[in-house]
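Those letters in the sequence shown? Residues 1 to 599, per the working numbering, in order. Remarks on the structure that follows.
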Amino acid sequence: MDWFFREPPPIETPLRAAVRDWHRLDETEADIRIVAAAELPAEAHDRIGITARQLVAAVRRKRIGGGLDAFLHEYALSSQEGVALMCLAEALLRIPDAETVDKLIRDKIAPADWEGHLGHSGSLFVNASTWALMLTGRLLRRDRIEPGEGDLSAVLRRFIARSSEPVWRQAVTAAMRILAGQFIMGRTIDEALVRAREAERQGYRHSFDMLGEAARTMPDAVRYREAYEGAIGAIGKAAGGQRIEEAPGISVKLSALHPRYEMAQRERAMHELLPSLLGLARQARDAGIGFTIDAEEADRLEVSLDLVEVLALAPELAGWDGLGLAVQAYQKRALPLLDWLADLALRARRRLMVRLVKGAYWDTEIKRAQERGLDTYPVFTRKVATDVSYLACAKRMFAAGPLFYPQFATHNAHTLAAILEMGEDRTDWEYQRLHGMGEALYAEIVGRDKPGRPCRVYAPVGSHEDLLAYLVRRLLENGANTSFVNRLVDEREPIDEIVADPVARLEHLPHKPHPGIPLPRDIFQPVRGNSQGIDLADPRGLSELRSALAAVRRPWTAGPIVGGIELAGTAAPVFDPADRRRELGKVSNAGPDAVAHAL
Ligand SMILES: Cc1cc2nc3c(=O)[nH]c(=O)nc-3n(C[C@H](O)[C@H](O)[C@H](O)COP(=O)(O)OP(=O)(O)OC[C@H]3O[C@@H](n4cnc5c(N)ncnc54)[C@H](O)[C@@H]3O)c2cc1C
Numbered sequence: 001m002d003w004f005f006r007e008p009p010p011i012e013t014p015l016r017a018a019v020r021d022w023h024r025l026d027e028t029e030a031d032i033r034i035v036a037a038a039e040l041p042a043e044a045h046d047r048i049g050i051t052a053r054q055l056v057a058a059v060r061r062k063r064i065g066g067g068l069d070a071f072l073h074e075y076a077l078s079s080q081e082g083v084a085l086m087c088l089a090e091a092l093l094r095i096p097d098a099e100t101v102d103k104l105i106r107d108k109i110a111p112a113d114w115e116g117h118l119g120h121s122g123s124l125f126v127n128a129s130t131w132a133l134m135l136t137g138r139l140l141r142r143d144r145i146e147p148g149e150g151d152l153s154a155v156l157r158r159f160i161a162r163s164s165e166p167v168w169r170q171a172v173t174a175a176m177r178i179l180a181g182q183f184i185m186g187r188t189i190d191e192a193l194v195r196a197r198e199a200e201r202q203g204y205r206h207s208f209d210m211l212g213e214a215a216r217t218m219p220d221a222v223r224y225r226e227a228y229e230g231a232i233g234a235i236g237k238a239a240g241g242q243r244i245e246e247a248p249g250i251s252v253k254l255s256a257l258h259p260r261y262e263m264a265q266r267e268r269a270m271h272e273l274l275p276s277l278l279g280l281a282r283q284a285r286d287a288g289i290g291f292t293i294d295a296e297e298a299d300r301l302e303v304s305l306d307l308v309e310v311l312a313l314a315p316e317l318a319g320w321d322g323l324g325l326a327v328q329a330y331q332k333r334a335l336p337l338l339d340w341l342a343d344l345a346l347r348a349r350r351r352l353m354v355r356l357v358k359g360a361y362w363d364t365e366i367k368r369a370q371e372r373g374l375d376t377y378p379v380f381t382r383k384v385a386t387d388v389s390y391l392a393c394a395k396r397m398f399a400a401g402p403l404f405y406p407q408f409a410t411h412n413a414h415t416l417a418a419i420l421e422m423g424e425d426r427t428d429w430e431y432q433r434l435h436g437m438g439e440a441l442y443a444e445i446v447g448r449d450k451p452g453r454p455c456r457v458y459a460p461v462g463s464h465e466d467l468l469a470y471l472v473r474r475l476l477e478n479g480a481n482t483s484f485v486n487r488l489v490d491e492r493e494p495i496d497e498i499v500a501d502p503v504a505r506l507e508h509l510p511h512k513p514h515p516g517i518p519l520p521r522d523i524f525q526p527v528r529g530n531s532q533g534i535d536l537a538d539p540r541g542l543s544e545l546r547s548a549l550a551a552v553r554r555p556w557t558a559g560p561i562v563g564g565i566e567l568a569g570t571a572a573p574v575f576d577p578a579d580r581r582r583e584l585g586k587v588s589n590a591g592p593d594a595v596a597h598a599l
């Protein structure tokens, strides 16, 4: 615990203070500010609308690819069978050998007691029921579901009853392959680099990501660091001295490099994570490739900025233009964050690669803020606000001129068209898309035979077992009925609706925050207020907590009081239940004399 009191107070330059101010800004106020920052001339809006409409029409006409768009279409995730198939396929992906997969299919697909397996940890159905929980909203919306049919097992049974075992095996195996190949570029970096070549010939670039989620222990972190080191070596070789903007690069997740990558453990992150990070960045610099730090949960942003600042100012990395990071537009503080980054680039006399994304953890951010009973959310609550924030950020990034190499990651045709309009007279920027997504869309604008724009593909590398968390993010994101990819494949959705100008839509909303998402402190109203938690990721909140705790950190004594007088006795030490080494004070218990005295 002592380390907690030794942490230095957060440094608040005016630009960093602005990032903190916007973090907890009232959402209506934040919306007003981003609408103003995203303003474009009316003719520009018209041109964006025309381009976006053309793009959507072209993608719908083609309906090509083996992308998620095609997957959604072929396996109809809005159908019960599609969902059931996904559940099973995902579980099968985790079985290491083909023989067991076969046994599993034989054993479980035959008319079986599906329910009997539900809730058995580690079994097929733990995974399946997870999917069911995530997707039941979708199932229940289906009006052709009859009573009792809404659960996963019933759907599976019906599907099985209608198909023979070989059909099942084929279907499941096909879905499995689609799923894995859909989202993973290769099981190893070498496999991924080979697979990338075909797309590179068509004009794509790549940024490879080693799949896997947050390290839980230091050995986990070491394993991930070694995986990144190996990958940087291989990517460097493949880059073969190309310009850094064109060469393949790597994306890293800092949560994979340290188990306590969090604001409340800032000093540990600075001492233990930073050396790994510096080592990897040095290696990427030597290999002549780009090195992008992924954006993760909002709680981690402050500490990530401290790390990025040290990296950007490190004399040993001077003159290297490959350092980059992702910025999430769904966070209210995205705009002031870009201002801070532009200033950092200026101070460090370097150009930063900035990847603008909307953000992949929206559901988590909402839930966490509610659990903690915070005053506000760190993210916007309306999808349209995130779209507007993205445009405002894009404008700000172009305005920063040579301080940034802007990278725009999106699969949304309107967002893409707006960027095309804003960056019309610049060549030093690129689009980005995820492997397996947005293929048809980007086929319209990438290619050596077209006057198109370069696009970098974010390419996950890893084994099937590492896929789950990544897949969950993709499915939550694309399963939402507000998601662009989802609306694009839904032919009933008119094109004009899909490509409607978000700035005008947000501006004209009478009530800007989402009416269905009350503030975290009000989620139990009208019954009661939510209990108020402490935001351990907020440097200002942490400082206040530290001062409050320091004020009560003194040796405490306790003893029996009789007639208003504390009686002397044999004092025994009392230790902190959270840290048994730390003595909190001393207590002397009432003995027979004290009791007699009191009586
Ligand atoms: C190359 C690449 C790299 C990426 N790297 C990262 C990364 O480092 N960190 C990261 O977090 N994500 C990352 N992503 C994921 C990215 O955040 C999502 O793919 C992106 O949000 C989808 O946006 P879109 O424009 O394609 O789709 P759209 O359908 O237009 O937007 C969907 C997004 O809108 C937002 N949203 C949805 N509902 C709401 C709501 N009610 N209120 C407010 N906002 C809402 C969410 O951000 C959601 O993901 C990356 C994506 C790509 C393509």
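Don't be surprised by glycine CBs; every beta carbon is placed ideally from N, CA and C. On a predicted model such as this, the values are computed, not experimentally measured, just so you know.
If you compare alpha carbons, which of 316, 274, 321 and 301 is closest to residue 291? Position 291 of the sequence shown holds residue 291. The shortest C-alpha separation from residue 291 is found at 321.
Determine the direct distance from the alpha carbon of residue 376 to that of residue 194, and round the result to whole angstroms. Translated into positions along the sequence shown, residue 194 becomes position 194. Translated into positions along the sequence shown, residue 376 becomes position 376. So the alpha carbons of these two residues sit roughly 46 Å apart.
Answer yes if the stretch 12–19 comes into contact with the stretch 368–375, meaning at least three C-beta pairs across the two stretches below 8 Å, and no otherwise. no
Can you give me the Cβ contacts of residue 112 inside the same chain, cut-off strictly under 8 Å, excluding the 5 residues immediately before and after it? Translated into the one-based positions of the sequence shown, residue 112 becomes position 112. With a pLDDT of 33 at residue 112, under the threshold of 50, the predicted position of this residue should be treated as unreliable, though the coordinate-derived value follows. Nothing listed; no residue qualifies.
Inspect the CB distances between the stretch 338–349 and the stretch 23–35 and report whether three or more fall short of 8 Å. no
Which residues in the same chain as residue 503 place their Cβ atom closer than 8 Å to its Cβ, once the five residues preceding and following it in sequence are excluded? As a position in the sequence shown, residue 503 is number 503, starting the count at 1. Closer than 8 Å at the Cβ level, and outside the excluded window around residue 503, lie 35, 38, 39, 40, 45, 388 and 391.
Check whether the Cβ of residue 379 sits closer than 7 Å to any heavy atom of ligand 1, and report yes or no. On the sequence shown, position 379 is the one that residue 379 refers to. The answer is yes for residue 379.
Just to confirm, is the Cβ distance from residue 540 to residue 20 under 8 Å? Here residue 540 is taken as the residue at index 540 of the sequence shown, counted from 1. Here residue 20 is taken as the residue at index 20 of the sequence shown, counted from 1. Contact flag set, yes.
Which term fits residue 367, buried or exposed, when burial requires 16 or more other beta carbons within 10 angstroms of its beta carbon? Start at 1 with the first residue of the sequence shown, and residue 367 comes out as number 367. Under this definition residue 367 is an exposed residue.
Check the DSSP bridge columns for residue 291 and list the partner residues they point to. Against the sequence shown, residue 291 aligns to sequence position 291. DSSP output for residue 291 lists 250 and 323 as bridge partner(s).
Can you tell me which of the three DSSP states residue 687 falls into? With the chain running from 1 to 599 in the structure shown, residue 687 is simply not present.
Quick one: which unbroken beta strand (DSSP E) runs of 3-plus residues sit fully inside the stretch 207–288? Chain order, please. 249–252
Using a Cβ-Cβ cutoff of less than 7 Å, which residues in the same chain neighbour residue 288 once the five nearest sequence positions on both sides are dropped? Numbered from its first residue, the sequence shown carries residue 288 at position 288. Hits under 7 Å: 236, 239, 241, 244 and 247.
Which of helix, strand or coil does DSSP assign to residue 358? If you number the sequence shown from 1, residue 358 lands on position 358. Coil, per DSSP.
For the beta strand (DSSP E) that contains residue 557, what are its first and last residues? Taking the first residue of the sequence shown as 1, we reach residue 557 at position 557. Run containing residue 557: 556–558, per the beta strand (DSSP E) assignment.
How would you label residue 258, buried or exposed, when you count the other beta carbons within 10 angstroms and need 16 or more for buried? Your numbering for residue 258 matches position 258 in the sequence shown. Its Cβ being crowded by 16 or more others within 10 Å, residue 258 is buried.
Distance CB(residue 441)-CB(residue 411) smaller than 8 Å: Reading the sequence shown from its first residue, position 441 is the one you call residue 441. Reading the sequence shown from its first residue, position 411 is the one you call residue 411. The answer is yes: Cβ separation under 8 Å.
At a threshold of 7 Å, does residue 258 count as lining ligand 1 (C-beta to nearest heavy atom)? By 1-based counting over the sequence shown, the position of residue 258 is 258. For ligand 1, not one heavy atom lies less than 7 Å from the Cβ of residue 258.
Cβ of residue 387 versus every heavy atom of ligand 1: is any distance shorter than 7 Å? Locating residue 387 in the sequence shown gives position 387, counting from the first residue. For ligand 1, at least one heavy atom lies less than 7 Å from the Cβ of residue 387.
Does the Cβ of residue 646 have 16 or more other Cβ atoms within 10 Å, making it buried, or fewer, making it exposed? Any property of residue 646 remains undetermined from this structure, which presents the chain solely from 1 to 599.
Would you identify the three-state DSSP class for residue 394, choosing helix, strand or coil? Within the sequence shown, residue 394 is the residue found at index 394, counting from 1. Here residue 394 sits in helix by DSSP.
How about residue 511: is its Cβ closer than 7 Å to a heavy atom in ligand 2? As presented, the structure is devoid of ligand 2, carrying ligand 1 as its sole ligands.
For residue 266, count the other beta carbons within 10 Å of its own beta carbon; 16 or more makes it buried, fewer makes it exposed. Which is it? Looking up residue 266 in the sequence shown gives position 266. Residue 266 should be labelled buried.
Reference residue 323; option with closest CA among 351, 334 and 330: Taking the sequence shown and counting its residues from 1, one reaches residue 323 at position 323. Minimum Cα distance to residue 323 is reached at 351.
Straight-line CA distance for residue 405 to residue 354? By one-based count along the sequence shown, residue 405 stands at place 405. By one-based count along the sequence shown, residue 354 stands at place 354. Cα to Cα, residue 405 sits roughly 6 Å from residue 354.
For residue 328, count the other beta carbons within 10 Å of its own beta carbon; 16 or more makes it buried, fewer makes it exposed. Which is it? Looking up residue 328 in the sequence shown gives position 328. Buried is the call here.
Tell me the rounded alpha-carbon separation between residue 430 and residue 537. Position 430 of the sequence shown, counted from the start, is the residue given in the question as residue 430. Position 537 of the sequence shown, counted from the start, is the residue given in the question as residue 537. The straight-line gap from Cα to Cα measures roughly 32 Å.
Extent of the continuous alpha helix (DSSP H) to which residue 311 belongs: As a position in the sequence shown, residue 311 is number 311, starting the count at 1. Where residue 311 is concerned, the enclosing alpha helix (DSSP H) stretches over 301–313.
Cβ neighbours of residue 574 in the same chain (closer than 6 Å, five flanking residues each side left out): By 1-based counting over the sequence shown, the position of residue 574 is 574. The answer, listed in chain order, is 584, 585 and 587.
In terms of residues, what are the limits of the beta strand (DSSP E) holding residue 527? Start at 1 with the first residue of the sequence shown, and residue 527 comes out as number 527. First-last for residue 527: undefined, no H or E at that position.
Residue 539 by DSSP, collapsed to three states: which one? Locating residue 539 in the sequence shown gives position 539, counting from the first residue. In this structure, residue 539 counts as helix in the three-state DSSP scheme.
Between residue 586 and ligand 1, is there a pair consisting of the residue's CB and a ligand heavy atom that are separated by less than 7 Å? Here residue 586 is taken as the residue at index 586 of the sequence shown, counted from 1. Outside the cutoff, so no.
Cut-off 7 Å between Cβ atoms - residues of its own chain near residue 426, not counting five sequence neighbours on either side: Here residue 426 corresponds to residue number 426 of the sequence shown, with the count starting at 1. Closer than 7 Å at the Cβ level, and outside the excluded window around residue 426, lie 398.
Sequence-distant residues of its chain with Cβ nearer than 6 Å to residue 563 (five each side left out): Here residue 563 corresponds to residue number 563 of the sequence shown, with the count starting at 1. Result list for residue 563: empty, nothing under 6 Å.
Express the C-alpha separation of residue 597 and residue 590 in angstroms, rounding to a whole number. Here residue 590 corresponds to residue number 590 of the sequence shown, with the count starting at 1. Here residue 597 corresponds to residue number 597 of the sequence shown, with the count starting at 1. Near 10 Å, if we compare the C-alpha coordinates of residue 597 and residue 590.
Between the alpha carbons of residue 250 and residue 303, how many angstroms are there, rounded? Taking the sequence shown and counting its residues from 1, the one referred to as residue 250 is at position 250. Taking the sequence shown and counting its residues from 1, the one referred to as residue 303 is at position 303. The alpha-carbon atoms of residue 250 and residue 303 are separated by roughly 21 Å.
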